[in-house]
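Chemist:
Protein chains in written order, with the numbering used here: chain A, 5 to 159; chain B, 15 to 508.
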């Protein structure tokens, strides 16, 4: 009996990635370099073939294994999607509006998301005020540590 | 060697080094105290900040974080039965029962002194063995380095994660990533998929922070782990170091510290194996083995001496051979690379002042770790009450800004995000991020030395078997792959 699990999708991604890199490795020009050197393509090809073989093995083995199915719950999916979306937007707007504005907005929204996910803080006016205050102080302290104390460049 | 040590002390006339080590140690204790935040994650987060520091200060800060986090992990292990770091899992066996029967202060006090003793013995082992191994490794040629790299990859892949195959896959992915960019031997640009930013290779630091810090944050948020952190309220009385009691157990801490240091020096073994092994030995040698797992002081001292003893051991292969002993050592290796210092035998020859300075910084980190815990253990207990809804967003911004800060380019932030997501899925499906990073470190070493050997010896494959040291490493590689299968077979037979 076969049991399709969530990790099979991940294995397919890994196999596709290994296949893609195998194609790139195949296209690496050979015959350049020192005599007797196996070439720049040798190890990448070996590695890609090994990854394809081992992941295929995992795919088949876990397909046949009768274990507890692992699937994202609805809450987990929303937490993951929300987190990744916020990080994506944050990195994107960092270069557009700069460190201060983007970090304050990101920290505020992310803290609210976390409070919601952890069921702490609630939706009261006070909790929003605490989140805003946290965003401001945290942004200032990160700026102080990175830019003032360690003289590192910020976007 | 002794004179080089003495010369290295000159660097410590600068008081900022002490400040850097102290800051790293305090942050390490805070990180270790918070369940879910590991030493590796803390070091990865601090890495960007050390970029602008002199090498010894930067490494001192990272060592402070390393020692502090390993020791701080005993706080939630003793008080809540939740190991703060994986290496304090064994500590829960006796420290928690002792706390539960109304002696949390005594449990913490024993942890503090045992951690300190383990740390100091590991510094001695580190200081004595490193120059000897580094000197021996100077004789290695490309042939030996190739076999050593293969050994590093096999042992690390086989002990990391839930399955050997998954460990190997993760290690191979790391090797493949390390091959992206310009091939240093032929000058060919390879595997970049025509992305100009990849010509110089995948930026190691953001990948590291992504795999060890961001992936963990995403995992923590998605599973909403330890959500009740803010509600934890524990009263700890009499939390002071138990010198008299600990020194009475000299046989336990001396044996356990040495076990920790030696196990730590084996690439891939890690603190959790070290502390369980020391616990087992202490139990076998004890006059009262029946008291173990009921809150016995010998059990606590054995585990804590061993897991802090492991810290120095894990640095030996990293500093002398360029092979990280565990995930934390891999990230610490990044701390050297960030300053353009290549770990390996030449470090002790070409930069002896820095190499010995780093050993002294490690000693100071251990002393600070003890002092801060002796004075402020109650404060570190309060760290358990920090709400995660505030902590996680703050750490996340530190990751992104830190990745940007090293290169000054937002490409690093995108690399960080990619590796953060990749690391999250690796962890979710039972792989481990550690072999990926170790593959990234060892990939270049394996490939370049393999090709050099082939070019030097007319493509003669037998060369790896005819050099005795190389043959030794290859045999060790075979043993390290077969050993887990043997153990599995043995346990199935039982």
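Built from N, CA and C at the ideal position, the CB exists for glycine as well.
Keep in mind that this is a model prediction, so the values were computed, not measured.
Assess, as a yes-or-no matter, whether the region 372–379 of chain B is touched by the region 70–80 of chain B under the definition of 3 or more beta carbon pairs within less than 8 Å.
Modeler: Cβ pair count under 8 Å is three or more, so yes.
Chemist: For residue 20(A), which residues in chain B fall below 9 Å Cβ to Cβ?
Modeler: For the purposes of this step, residue 20(A) is taken as the residue at position 16 of the first chain. Going along chain B, no residue has its Cβ under 9 Å from residue 20(A), so there is no contact; the nearest lies around 13 Å.
Chemist: Taking DSSP as the reference, what is the three-state secondary structure of residue 202(B)?
Modeler: Within the second chain, residue 202(B) is the residue found at index 188, counting from 1. Looking at residue 202(B) - three-state DSSP - the assignment turns out to be coil, as it is neither helix nor strand.
Chemist: Where does residue 196(B) sit, in a helix, a strand or coil, going by DSSP?
Modeler: Locating residue 196(B) in the second chain gives position 182, where the first residue counts as 1. Strand.
Chemist: Is the region 349–357 of chain B in contact with the region 310–327 of chain B, if contact means three or more CB pairs nearer than 8 Å?
Modeler: Judged by Cβ distances under 8 Å, the region 349–357 of chain B makes no contact with the region 310–327 of chain B, as fewer than three pairs qualify.
Chemist: Scan the region 417–431 of chain B for residues whose Cβ lies nearer than 7 Å to a Cβ of chain A and list them as they occur along the chain.
Modeler: From the region 417–431 of chain B, only 418, 419, 422, 424, 427, 428, 431 have a Cβ closer than 7 Å to chain A.
Chemist: Counting only the same chain and skipping the five closest in sequence on each side, list residues whose C-beta sits under 8 Å from that of residue 39(B).
Modeler: As a working note, residue 39(B) is residue 25 in the second chain. Answer for residue 39(B): 78, 79, 81, 82, 379, 382, 383, 386, listed in chain order.
Chemist: When you compare only the Cα positions, how much space is there between residue 14(A) and residue 390(B)?
Modeler: Indexing the first chain from 1 puts residue 14(A) at position 10. Indexing the second chain from 1 puts residue 390(B) at position 376. Rounded to the nearest angstrom, the two C-alpha atoms are 46 Å apart.
Chemist: Where does residue 103(B) fall in DSSP's three states?
Modeler: Here residue 103(B) refers to the residue found at position 89 of the second chain. Three-state result, residue 103(B): coil.
Chemist: Could you tell me whether any Cβ in chain A is nearer than 8 Å to the Cβ of residue 333(B)?
Modeler: In the second chain, the residue the question calls residue 333(B) occupies position 319. By this cut-off, residue 333(B) is not an interface position.
Chemist: Can you name, in chain order, every residue of its own chain whose Cβ lies under 7 Å from the Cβ of residue 489(B), other than the five neighbours on each side?
Modeler: Taking the first residue of the second chain as position 1, residue 489(B) is located at position 475. Correct list: empty, nothing qualifies.
Chemist: For residue 181(B) and residue 132(A), I'd like the C-alpha separation in whole angstroms.
Modeler: Locating residue 181(B) in the second chain gives position 167, where the first residue counts as 1. Locating residue 132(A) in the first chain gives position 128, where the first residue counts as 1. Using only the alpha carbons, I get a separation of about 44 Å.
Chemist: For the region 325–364 of chain B, list the alpha helix (DSSP H) runs that are entirely contained and at least 4 residues long, ordered along the chain.
Modeler: Within the region 325–364 of chain B, the complete alpha helix (DSSP H) runs of at least 4 residues are 341–351, 359–364.
Chemist: Indicate the three-state DSSP secondary structure (helix, strand or coil) for residue 475(B) in the structure shown.
Modeler: Against the second chain, residue 475(B) aligns to sequence position 461. Coil, per DSSP.
Chemist: Taking residue 197(B) as the query, report the chain A residues whose CB atoms sit under 7 Å from its CB, ordered along the chain.
Modeler: Along the second chain, read from residue 1 onward, the residue named residue 197(B) stands at position 183. Result: 44.
Chemist: In this structure, how does DSSP classify residue 289(B) when only helix, strand and coil are distinguished?
Modeler: One-based indexing of the second chain puts residue 289(B) at position 275. DSSP places residue 289(B) in helix when its eight states are reduced to three.
Chemist: Would you mind telling me which residues of chain A sit closer than 9 Å to residue 62(B), beta carbon to beta carbon, in chain order?
Modeler: For this step, residue 62(B) is matched to residue 48 along the second chain. Within chain A, the residues near residue 62(B) are 150, 154, 156.
Chemist: Let me check understanding here. Comparing Cα to Cα, which of 500(B), 230(B), 472(B), 492(B) lies closest to residue 157(B)?
Modeler: Translated into positions along the second chain, residue 157(B) becomes position 143. If we check each option's Cα against that of residue 157(B), 472(B) comes out closest.
Chemist: Under the three-state reduction of DSSP, which class applies to residue 307(B): helix, strand or coil?
Modeler: Start at 1 with the first residue of the second chain, and residue 307(B) comes out as number 293. Three-state DSSP puts residue 307(B) in coil, outside helix and strand.
Chemist: Is the region 419–436 of chain B close to the region 15–34 of chain B, with three or more CB pairs under 8 Å?
Modeler: Counting Cβ pairs under 8 Å, fewer than three are found: no touch.
Chemist: Rounded to the nearest angstrom, what separates residue 9(A) and residue 441(B) at their Cα positions?
Modeler: Reading the first chain from its first residue, position 5 is the one you call residue 9(A). Reading the second chain from its first residue, position 427 is the one you call residue 441(B). About 16 Å.
Chemist: Give the straight-line distance between the Cα atoms of residue 146(A) and residue 229(B), rounded to the nearest whole angstrom.
Modeler: For the purposes of this step, residue 146(A) is taken as residue 142 along the first chain, with counting starting at 1. For the purposes of this step, residue 229(B) is taken as residue 215 along the second chain, with counting starting at 1. Cα to Cα, residue 146(A) sits roughly 21 Å from residue 229(B).
Chemist: Looking at residue 226(B): is its Cβ nearer than 8 Å to the Cβ of residue 341(B)?
Modeler: By 1-based counting over the second chain, the position of residue 226(B) is 212. By 1-based counting over the second chain, the position of residue 341(B) is 327. Their beta carbons are under 8 Å apart, which means residue 226(B) touches residue 341(B) by this criterion.
Chemist: Just to confirm, are residue 179(B) and residue 56(A) a CB contact at a threshold of 8 Å?
Modeler: To locate residue 179(B), count along the second chain from 1; it is residue 165. To locate residue 56(A), count along the first chain from 1; it is residue 52. No.
Chemist: Note down, in chain order, each residue of its chain lying with its Cβ closer than 7 Å to the Cβ of residue 139(B), except the 5 sequence neighbours on either side.
Modeler: In the second chain, counting from the first residue as 1, residue 139(B) sits at position 125. For residue 139(B), where only same-chain residues beyond five positions count, the Cβ hits under 7 Å are 275, 326, 327.
Chemist: Okay, do the region 483–497 of chain B and the region 184–202 of chain B touch, 3+ Cβ pairs below 8 Å being the bar?
Modeler: Judged by Cβ distances under 8 Å, the region 483–497 of chain B makes no contact with the region 184–202 of chain B, as fewer than three pairs qualify.
Chemist: Determine the chain B residues that contact residue 25(A) at a beta-carbon separation under 8 Å, and present them in chain order.
Modeler: Working through the first chain from its first residue, we reach residue 25(A) at position 21. Correct list: 190, 205.
Chemist: When we look at the beta-carbon of residue 119(A) and count the other beta-carbons within 10 Å, is it buried (16 or more) or exposed?
Modeler: Working through the first chain from its first residue, we reach residue 119(A) at position 115. Flag for residue 119(A) reads buried.
Chemist: Report yes if the C-beta distance between residue 210(B) and residue 429(B) is below 8 Å; otherwise report no.
Modeler: By 1-based counting over the second chain, the position of residue 210(B) is 196. By 1-based counting over the second chain, the position of residue 429(B) is 415. No. Outside cutoff.
Chemist: Can you give me the Cβ contacts of residue 332(B) inside the same chain, cut-off strictly under 7 Å, excluding the 5 residues immediately before and after it?
Modeler: Counting from one through the second chain, the residue named residue 332(B) turns up at place 318. For residue 332(B), where only same-chain residues beyond five positions count, the Cβ hits under 7 Å are 338, 339, 343, 346, 347, 357.
Chemist: Mind listing which residues of the region 391–419 of chain B have their C-beta closer than 8 Å to chain A's C-betas, in chain order?
Modeler: Under the 8 Å Cβ criterion, the region 391–419 of chain B contributes 401, 402, 403, 404, 406, 407, 408, 410, 411, 412, 414, 415, 416, 418, 419.
Chemist: Please confirm whether residue 186(B) has its beta-carbon closer than 8 Å to some beta-carbon of chain A.
Modeler: Residue numbering aside, residue 186(B) sits at position 172 when the second chain is read from its first letter. Closer than 8 Å to some Cβ of chain A, the Cβ of residue 186(B) qualifies, so yes.
Chemist: Taking one C-beta from the region 261–270 of chain B and one from the region 82–94 of chain B each time, how about it: are there three or more such pairs within less than 8 Å?
Modeler: The region 261–270 of chain B is not in contact with the region 82–94 of chain B.
Chemist: If residue 7(B) sits next to residue 215(B), beta carbons under 8 Å apart, how far is it from one beta carbon to the other, in whole angstroms?
Modeler: The question about residue 7(B) has no answer, for chain B in this structure spans 15 to 508.
Chemist: Tell me which residues of the region 468–486 of chain B have at least one Cβ-Cβ distance to chain A shorter than 7 Å, keeping chain order.
Modeler: Residues 468, 469, 472, 473.
Chemist: Closest Cβ-Cβ distance between residue 2(A) and chain B: below 8 Å?
Modeler: Nothing about residue 2(A) can be read from this structure; chain A reaches only from 5 to 159.
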